[in-house]
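Chains as they are written, first to last, in our numbering: chain F, 1 to 216; chain E, 1001 to 1471.
First the structure, in the form of structure tokens, and then the observations on it.
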Amino acid sequence: MSIKLENVSKVFWAPHKELKILENINLEVKDKDMLIIFGRSGAGKSTLLNIMGGMDSPTSGKAIVDGVDLSGLKADELAKLRKEKIGYIFQSFNLLGNLKAIDNITLPVILDEDKDKKINEVMKLAQEIGIKDRLGHLPGELSLGEQQRVAIARAMINSPRIILADEPTAHLDNENSSKIIEIFKKLNREQGITIVLVTDHEWVASNFEHRFHLGE
Amino acid sequence: MSLVSFSIKNIITRRRRSLASLAGISISIALFISVILILKSAQGAFRKPLAEAGADMIVQLQGEPCVWSIVKLPTDLNPIPLKLVDKIKSLDEVVAVDGSLITWAFPIPSQSQIQKMQDTVKIEKMQVQSSARKGMPAQKEGADLAAEPCDTGVPGSFCDTGENAATAGQSNFSPIVVVGVNPEPGELGPIKKSDLKNIQGRYFTKEDNYAVILDKDFARTRNLKLEDNISIGKRLDNKVIGIIDPGYDAKIAGAQVFVPLKVAIEMTGRGEIVDIIFIKLKGGVDTTVVKQKIKKALSNEDVTITTSKDYLSSVAGFSFLAQGLMLAIFFIVILISFLFIAKTAFGSVLERSGEVGILKAVGWRNKDIIKLIVMENSILGLLGGLIGCLLGYLTSFIYRINLPSALPYYLNPYPPCSQHLVKNTLQVQAVLPVSIFLLTILLAVLIQSLSGMLAAVRILKLVPADAARRL
Chain F
1 MSIKLENVSK VFWAPHKELK ILENINLEVK DKDMLIIFGR SGAGKSTLLN
51 IMGGMDSPTS GKAIVDGVDL SGLKADELAK LRKEKIGYIF QSFNLLGNLK
101 AIDNITLPVI LDEDKDKKIN EVMKLAQEIG IKDRLGHLPG ELSLGEQQRV
151 AIARAMINSP RIILADEPTA HLDNENSSKI IEIFKKLNRE QGITIVLVTD
201 HEWVASNFEH RFHLGE
Chain E
1001 MSLVSFSIKN IITRRRRSLA SLAGISISIA LFISVILILK SAQGAFRKPL
1051 AEAGADMIVQ LQGEPCVWSI VKLPTDLNPI PLKLVDKIKS LDEVVAVDGS
1101 LITWAFPIPS QSQIQKMQDT VKIEKMQVQS SARKGMPAQK EGADLAAEPC
1151 DTGVPGSFCD TGENAATAGQ SNFSPIVVVG VNPEPGELGP IKKSDLKNIQ
1201 GRYFTKEDNY AVILDKDFAR TRNLKLEDNI SIGKRLDNKV IGIIDPGYDA
1251 KIAGAQVFVP LKVAIEMTGR GEIVDIIFIK LKGGVDTTVV KQKIKKALSN
1301 EDVTITTSKD YLSSVAGFSF LAQGLMLAIF FIVILISFLF IAKTAFGSVL
1351 ERSGEVGILK AVGWRNKDII KLIVMENSIL GLLGGLIGCL LGYLTSFIYR
1401 INLPSALPYY LNPYPPCSQH LVKNTLQVQA VLPVSIFLLT ILLAVLIQSL
1451 SGMLAAVRIL KLVPADAARR L
């Protein structure tokens, strides 16, 4: 599943001034590709990722996912797209602190009729990434690496064709970062999932072949 | 996990926030219920005497205090000819009428007591002999209502606890309150059919002449039992055939001794009279019209008519102004209570914008998020409403007080010096009608869920990325 950005600009309005975060960005991520968006802090990487995932809209330009222009979709259609085709991983994991790991993982499918099947599938992934024994714990009881893996499992529960990960290694040590990077590579390699990662760490970016340097 | 179970899980796992919400709702509802219960209880308590007498209207005639005799009408109550009871009964708006005769029966005084009373009360002519009072009082010209001029007696002046009382063999030279009642009890009056279950012994029959039924407390105070004889007025051998337990609350025409009406009439010696008339009206009739008709029937504009409708204001001293103020306070309390619930719910949901952002990010549709928030708030509203109702109900017991002297003296005319425990208080009872209970719960659920929904709609206007950043 491909992602294409055409002349995407994003402007935020702060009091008495206009902040141009993105300006005429053109970018294409091909189906089953794995892309690193690399840039300094404040360059607009997260904003770009949000626009790709329909979490935010560009001030001008187009975001096209799987051939569909996101600007033409209504809120519920965007929600359906995010649910069925995109797995989103936040920089701070954004797990709900009151829910156990298992409940955080199943959050996207709670209202689905076929949730049992999806939960069984994601349990295999949980086993693979080493958090199966930690599912009964609250996020606060997990290490940062474990929390990130719970967030990955949550993003994967609907078997998305695209994963958008916003600085997934930002809060992790090198050992955990390497493990997380390896998980993404494996998902891309074995399941053909299109993956877009955002990072400001050069060594993380160096692990990937395709890089888009924002703010150059 | 269904939406309901997820909602319950959210409520349980967010213990602090849920408890804060529940506390807000419960306190508001408790306040609301307390005010309702106080108002309803007060209304119920004040209306109780008329309701217990089975009457919508009480008719009495007040005038100059009557002259003293062994058995006399209390204080300034004046006689109403018995035939007027039938006249009132013939009115279209009236369902049933019953007349009773409230009297005070004194012990026969000694000569020294008579002398003292003559000195102190300035009675022109002490008439110990009831024969002097036999026959109907003189008719007033142009009036159907008979009344003897009563300008020589002073009510409440016969309480003598001194030497003369001791001479008379009484601890207190005070009268016994004797009420003449219908020997065939109906649904009206001081003793109704339904009260007969509270009688030890039996009620009157038509054949009973000098039979009496005693108030339970009076019987205990005087150490009287069934089959004993009691002296009333000049007659010494009135046989006790029943002892009635009148309950806790004050009663209209409550008595220490009940006798058949004809006996009370004979003892009073003033002809075929009553001094209190109980009236049951047809439903929905205009009491003002009926009052006018009764005044016309009695040919007396000064007749005292107490209705259940104006009881609060005219009898219980609860003015319309006070009622208005109570209602104003009631509505302010409702407003504050429900605004507080709305504000709590609104604020509580607004705090969850980060969580809503996550739900949107992982693919929840807006309507699913609204369903979740409405469900959670409905559950909180239901629980808070139930707890609030319970708290309000319990709190209202603090107000479960006795309202002293709620009955005016002419409805329950005990002499001021009576040693007998006068049941002249009304108990405010906390009764929460099921309809109010259900309505309150419904309102709590509606306001809580609507406020939550409005807050959710506001959050949902945020783009998911902005909302998620607030977690």
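Glycine included, C-beta positions come from ideal geometry on N, C-alpha and C.
Tell me where the beta strand (DSSP E) around residue i begins and ends.
i                  : result
LEU1236 of chain E : 1235-1244
ILE64 of chain F   : 60-65
GLU217 of chain F  : With chain F represented from 1 up to 216, any question about residue 217 of chain F goes unanswered, as that position is not in the structure.
GLY1284 of chain E : That residue, GLY1284 of chain E, is in no beta strand (DSSP E); it is neither H nor E in DSSP.
GLY1099 of chain E : 1094-1105
ILE1058 of chain E : 1057-1060
ALA1065 of chain E : Note that residue 1065 of chain E is Pro in the sequence shown here, rather than Ala. Unbroken run through PRO1065 of chain E: none, as it is neither H nor E.
VAL1463 of chain E : First-last for VAL1463 of chain E: undefined, no H or E at that position.
VAL1257 of chain E : 1257-1260
ILE129 of chain F  : Neither: ILE129 of chain F is in no beta strand (DSSP E) and is coded neither H nor E.
THR1306 of chain E : 1304-1307
Going by DSSP, what residue range makes up the alpha helix (DSSP H) through residue i?
i                  : result
ARG1015 of chain E : 1015-1052
VAL1085 of chain E : 1083-1089
ILE1447 of chain E : 1434-1460
Under 9 Å between the Cβ atoms of residue i and residue j?
i                  : j                  : result
THR199 of chain F  : ILE37 of chain F   : yes
ASP1368 of chain E : LEU1003 of chain E : yes
GLY1099 of chain E : ILE1387 of chain E : no
SER1451 of chain E : ILE1341 of chain E : yes
ASN104 of chain F  : LEU111 of chain F  : no
LYS1280 of chain E : ALA1096 of chain E : yes
LEU19 of chain F   : PRO58 of chain F   : no
ILE162 of chain F  : ILE183 of chain F  : no
ALA79 of chain F   : LEU142 of chain F  : no
LEU1226 of chain E : LEU1084 of chain E : no
VAL1290 of chain E : MET1453 of chain E : no
ALA1051 of chain E : GLY1189 of chain E : no
ALA1255 of chain E : ILE1102 of chain E : yes
GLY131 of chain F  : GLU113 of chain F  : Reading off the sequence shown, one finds Ile at residue 131 of chain F, where the question assumed Gly. Their beta carbons are not under 9 Å apart, which means ILE131 of chain F does not touch GLU113 of chain F by this criterion.
SER46 of chain F   : ASN24 of chain F   : no
PRO168 of chain F  : GLN91 of chain F   : yes
GLY1354 of chain E : ILE1441 of chain E : no
GLU1187 of chain E : LYS1206 of chain E : no
LEU144 of chain F  : LEU99 of chain F   : no
MET1267 of chain E : GLY1233 of chain E : yes
GLN1060 of chain E : LEU1327 of chain E : no
ILE983 of chain E  : VAL1349 of chain E : A query on residue 983 of chain E cannot be resolved here, the shown segment of chain E reaching from 1001 to 1471 and no further.
ALA43 of chain F   : LEU214 of chain F  : yes
ASP1245 of chain E : LYS1216 of chain E : yes
HIS201 of chain F  : ALA170 of chain F  : yes
LYS1553 of chain E : ALA1045 of chain E : This structure does not reach residue 1553 of chain E, given that chain E is present from 1001 up to 1471, and the question cannot be answered.
Would you grab the beta carbon distance between residue i and residue j for me? Rounded to a whole angstrom, and I think it's under 8 Å.
i                  : j                  : result
ILE1213 of chain E : PHE1258 of chain E : 4 Å
VAL1333 of chain E : ALA1253 of chain E : That belief does not hold up - the Cβ atoms of VAL1333 of chain E and ALA1253 of chain E are roughly 38 Å apart, past 8 Å.
CYS1080 of chain E : ALA1105 of chain E : The question names Cys, yet the displayed sequence has Ile at residue 1080 of chain E. No, ILE1080 of chain E and ALA1105 of chain E are not in contact; Cβ-Cβ is about 19 Å, not under 8 Å.
MET55 of chain F   : ALA1465 of chain E : 4 Å
ALA153 of chain F  : ALA126 of chain F  : 5 Å
TYR1393 of chain E : LEU1432 of chain E : 6 Å
MET52 of chain F   : ILE3 of chain F    : 5 Å
GLY1385 of chain E : ALA1444 of chain E : 3 Å
LEU1077 of chain E : SER1396 of chain E : Contact flag wrong, Cβ pair sits at about 37 Å.
ILE1011 of chain E : GLU1351 of chain E : At roughly 14 Å, the Cβ-Cβ gap does not stay under 8 Å, so ILE1011 of chain E and GLU1351 of chain E are not in contact.
LYS1239 of chain E : ALA1264 of chain E : Not confirmed; about 16 Å, so no contact.
GLY1182 of chain E : LEU1261 of chain E : A small correction: the amino acid at residue 1182 of chain E is Asn; Gly does not occupy that position in the sequence shown. That pair is a contact at about 6 Å.
PRO1415 of chain E : PRO1175 of chain E : 6 Å
Mind listing, in chain order, the continuous beta strand (DSSP E) runs of no fewer than 3 residues lying wholly within the segment 1178-1245 of chain E?
Fully enclosed beta strand (DSSP E) runs of 3 or longer: 1199-1201, 1211-1215, 1229-1232 and 1235-1244.
Contiguous alpha helix (DSSP H) assignments of at least 4 residues, all confined to the segment 1362-1396 of chain E:
1366-1396
I'd like the ranges of any beta strand (DSSP E) spanning at least 3 consecutive residues and lying wholly in the segment 135-211 of chain F.
Complete beta strand (DSSP E) runs here, min 3: 162-166 and 194-199.
Quick test of the definition: if touching needs 3 or more C-beta pairs under 8 Å, does the segment 62-80 of chain F touch the segment 113-130 of chain F?
Touching, no.
As an exercise, report each continuous beta strand (DSSP E) stretch of at least 3 residues that is fully enclosed by the segment 28-100 of chain F, in chain order.
The segment 28-100 of chain F is shown to contain whole beta strand (DSSP E) runs of 3 or more residues at 34-39, 60-65 and 86-89, in chain order.
Check whether the segment 51-69 of chain F touches the segment 1019-1033 of chain E, taking contact to mean three or more Cβ pairs, one atom from each stretch, closer than 8 Å.
no
Counting Cβ pairs closer than 8 Å, one from the segment 202-214 of chain F and one from the segment 27-42 of chain F, do we hit at least three?
yes
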